[in-house]
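Student:
There are 2 protein chains.
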Amino acid sequence: MISPAVLHSNFLADIGRKDIDKILASARVKRVKAKQAIVTRGEHAQYLFILLSGRVRYYKITRHGDEVVFRWLFPGDAFGLGSLLKRPTPYMGTGEALRDGEVLVWSHTKIRALAALHPQLSENALKVVLQYLRDYAKRHIRLVTKSAEERLADVLLIFGHQQGRVGGDQVELEVTNEQLSALADVSIFTTSRIMSKWAHKGFISKERGKVFIRVPEALVTD
Amino acid sequence: MISPAVLHSNFLADIGRKDIDKILASARVKRVKAKQAIVTRGEHAQYLFILLSGRVRYYKITRHGDEVVFRWLFPGDAFGLGSLLKRPTPYMGTGEALRDGEVLVWSHTKIRALAALHPQLSENALKVVLQYLRDYAKRHIRLVTKSAEERLADVLLIFGHQQGRVGGDQVELEVTNEQLSALADVSIFTTSRIMSKWAHKGFISKERGKVFIRVPEALVTD
DNA sequence: CGATGTATTGATGTGGATCAAAATAAGTGG
DNA sequence: CCACTTATTTTGATCCACATCAATACATCG
Numbered sequence: 302m303i304s305p306a307v308l309h310s311n312f313l314a315d316i317g318r319k320d321i322d323k324i325l326a327s328a329r330v331k332r333v334k335a336k337q338a339i340v341t342r343g344e345h346a347q348y349l350f351i352l353l354s355g356r357v358r359y360y361k362i363t364r365h366g367d368e369v370v371f372r373w374l375f376p377g378d379a380f381g382l383g384s385l386l387k388r389p390t391p392y393m394g395t396g397e398a399l400r401d402g403e404v405l406v407w408s409h410t411k412i413r414a415l416a417a418l419h420p421q422l423s424e425n426a427l428k429v430v431l432q433y434l435r436d437y438a439k440r441h442i443r444l445v446t447k448s449a450e451e452r453l454a455d456v457l458l459i460f461g462h463q464q465g466r467v468g469g470d471q472v473e474l475e476v477t478n479e480q481l482s483a484l485a486d487v488s489i490f491t492t493s494r495i496m497s498k499w500a501h502k503g504f505i506s507k508e509r510g511k512v513f514i515r516v517p518e519a520l521v522t523d
Numbered sequence: 302m303i304s305p306a307v308l309h310s311n312f313l314a315d316i317g318r319k320d321i322d323k324i325l326a327s328a329r330v331k332r333v334k335a336k337q338a339i340v341t342r343g344e345h346a347q348y349l350f351i352l353l354s355g356r357v358r359y360y361k362i363t364r365h366g367d368e369v370v371f372r373w374l375f376p377g378d379a380f381g382l383g384s385l386l387k388r389p390t391p392y393m394g395t396g397e398a399l400r401d402g403e404v405l406v407w408s409h410t411k412i413r414a415l416a417a418l419h420p421q422l423s424e425n426a427l428k429v430v431l432q433y434l435r436d437y438a439k440r441h442i443r444l445v446t447k448s449a450e451e452r453l454a455d456v457l458l459i460f461g462h463q464q465g466r467v468g469g470d471q472v473e474l475e476v477t478n479e480q481l482s483a484l485a486d487v488s489i490f491t492t493s494r495i496m497s498k499w500a501h502k503g504f505i506s507k508e509r510g511k512v513f514i515r516v517p518e519a520l521v522t523d
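Okay, structure coming up:
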């Protein structure tokens, strides 16, 4: 049984079903538990991953103890792409599971062999990294041109687009204020205040560890 | 006569001299004049480039008129890598020559054919984009964890490392305060004040459009 | 029911942006 | 070579968005 998430993975785009099956056959499925580190910053990139289920937070702790979150990964997202290189680069951050889940794993050797066999994989790797780069450029622009409130709104909408479950006319996000604040580069205090304001206005509603977006339009800033 | 810059290009790393010659043979050399846009944001990525000489500023203007600089490119740097994809992505920014210079140009079709012939090119493309991504992650960390002064110091040192000509015991950078301020995400006013302070302390000296780093160690913050 | 993670709310402080103005330097064309 | 425009830099005064600090409340859970 193949998870639907993996079939829509960018890393496996434009590859025939038969080839996908072969590629998946040489992967190992690994269960990961919440809070477990899947890859660790600096370590030699020995494996390539596709997230099957769960959520991964990719982050780094600076020498001064500040934690900076690069991005969240959702089912279908590939990471550890440096492992595709002949001489793998070190992982640029630590990838930690936010909840129990599963990843597909290929060793450096295996994924290299597969890429040689299916050039589309190399092409997809480039496409994925370019997308990550674009995402980062957008985040940078957001950071230097938008206010804390606007950034938070953007993050909520992006997040909803990536993982939101639509129920009725609303989107439910499983995320804490603290996690949102890290993605928007806003302090948890300012985040709390803004979220409260929005809840009061009826744009969102909140539970501990959850946000329901009720009026997405109200969060569009641009 | 082959420019030495191109031989050290990351995009051509680990390729034999003979193959490099063939690859270069199918490129076109294009002269670009200062202030000329080589690629324009949003346009279909039809060409891949390697900068031979000169300097390129890769930036975007937001809908509110703010200019955000993604990065500067130096001789040997490749850009327009989205053109390697079967269905090219649009250029994510505008690349503008900062002075007269030259670029190597390959069309989408040609570079795809070359990549098929020399898989190392695809590998290098991935490596280069991964490096750009790492650079962006670093910049992000700098932005959210360091002060304006520290960011400015970092940018000076990085810049010096990338393009500085060493003369005597000092490094000469051809860059205006305004350009530095854009790379460090600091206002031009704060930049001016900090530079003045450093000049006063003897860490650097200044001319219009130039910076001489005299005591690099004094700028190391970490 | 302590313990631990999450959220709220007020008070306080400040880094650095923004605004305003002018000085300096470098072209440019007559 | 001068008058004039245009780019770069400087310097002071002002302001505020947001971080930081401090305290409390609430929820969850073993």
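Chains as they are written, first to last, in the working numbering: chain A, 302 to 523; chain B, 302 to 523. Just so you know, even glycine gets a beta-carbon here, dropped at the ideal spot from N, CA and C. Because the structure is a prediction, the values reported are computed rather than measured.
Taking 7 Å as the threshold (beta carbon to beta carbon), is residue 371(A) in contact with chain B?
Tutor: By this cut-off, residue 371(A) is an interface position.
Student: Check this for me: beta carbons of residue 473(B) and residue 489(B), under 7 Å apart or not?
Tutor: Contact flag unset, no.
Student: Quick check on the DSSP output: what are the complete alpha helix (DSSP H) runs of length 4 or more inside the region 387-467 of chain A, in order along the chain?
Tutor: For the region 387-467 of chain A, whole alpha helix (DSSP H) runs of length 4 or above, ordered along the chain, are 409-418, 420-446, 449-464.
Student: To be precise: take each residue of the region 441-469 of chain B, compare its Cβ to all Cβ atoms of chain A, and keep it if any distance is under 8 Å. Which residues remain?
Tutor: Answer set for the region 441-469 of chain B: 441, 442, 444, 445, 446.
Student: When DSSP builds the beta bridges, which residues end up paired with residue 345(A)?
Tutor: Beta-bridge pairing links residue 345(A) to 391(A).
Student: Taking buried to mean at least 16 other C-beta atoms within 10 Å of its own C-beta, is residue 355(B) buried or exposed?
Tutor: The residue in question, residue 355(B), is buried, as its Cβ has 16 or more Cβ neighbours within 10 Å.
Student: Looking only at DSSP bridge pairs, what is residue 373(A) linked to?
Tutor: DSSP lists 358(A) as partners of residue 373(A).
Student: Examine the Cβ distances between the region 337-348 of chain B and the region 393-400 of chain B and report whether three or more of them are shorter than 8 Å.
Tutor: Flag = yes, the region 337-348 of chain B and the region 393-400 of chain B touch.
Student: Indicate whether the contact test is met: 3 or more Cβ pairs, each with one atom in the region 445-455 of chain B and one in the region 381-392 of chain A, closer than 8 Å.
Tutor: Segments in contact, no.
Student: With respect to the beta strand (DSSP E) encompassing residue 511(B), which residues constitute its N-terminal and C-terminal limits?
Tutor: Unbroken beta strand (DSSP E) run through residue 511(B): 511-514.
Student: For residue 426(A), return the contacting residues in chain B, with the cut-off set at a CB-CB distance below 7 Å.
Tutor: In chain order: 427.
Student: Got a sec: which bits of the region 378-402 of chain B sit with their beta carbon under 8 Å from any beta carbon on chain A, in order along the chain?
Tutor: Per Cβ criterion, the list reads 382, 383, 385, 386, 387, 390, 393, 394.
Student: With DSSP as the reference, label residue 323(B) as helix, strand or coil.
Tutor: Note: residue 323(B) maps to helix in three-state DSSP.
Student: Kindly list, in the order they appear in chain A, the residues whose Cβ is closer than 7 Å to that of residue 430(B).
Tutor: By Cβ distance, chain A contributes 427, 430, 431, 434.
Student: Using DSSP with H/G/I as helix, E/B as strand and the rest coil, what is residue 495(B)?
Tutor: Note: residue 495(B) maps to helix in three-state DSSP.
Student: For residue 308(A), which residues in the same chain have their Cβ closer than 6 Å to its Cβ, ignoring the five residues on either side in sequence?
Tutor: Taken in chain order, the list of residues that qualify is empty.
Student: What residues from chain A crowd round residue 411(B), counting only those whose CB sits closer than 9 Å?
Tutor: By Cβ distance, chain A contributes nothing, its closest Cβ being about 17 Å from residue 411(B), past 9 Å.
Student: Is the Cβ of residue 363(B) closer than 7 Å to any Cβ of chain A?
Tutor: By this cut-off, residue 363(B) is an interface position.
Student: For chain B, is any of its Cβ atoms less than 7 Å away from the one on residue 423(A)?
Tutor: True, the Cβ-Cβ gap to chain B drops below 7 Å.
Student: With 7 Å as the threshold, decide whether the Cβ of residue 348(A) is near any Cβ in chain B.
Tutor: Answer no: the Cβ-Cβ gap between residue 348(A) and chain B never drops below 7 Å.
Student: What number of angstroms, rounded off, separates the C-alpha of residue 370(A) from the C-alpha of residue 319(B)?
Tutor: Their backbone Cα atoms lie some 44 Å apart in a straight line.
Student: Considering residue 475(B), what are the terminal residues of the beta strand (DSSP E) in which it resides?
Tutor: Looking at the DSSP string, the run of the beta strand (DSSP E) that includes residue 475(B) is 471-475.
Student: Does residue 438(A) come within less than 7 Å of chain B when only Cβ atoms are used?
Tutor: Cβ-Cβ to chain B under 7 Å: yes for residue 438(A).
Student: Could you tell me the boundaries of the alpha helix (DSSP H) in which residue 307(A) lies?
Tutor: Per DSSP, residue 307(A) belongs to the alpha helix (DSSP H) from 305-308.
Student: If you count every other CB in all the chains shown that lies within 10 Å of the CB of residue 501(B), and 16 or more means buried, which is it?
Tutor: Residue 501(B) should be labelled exposed.
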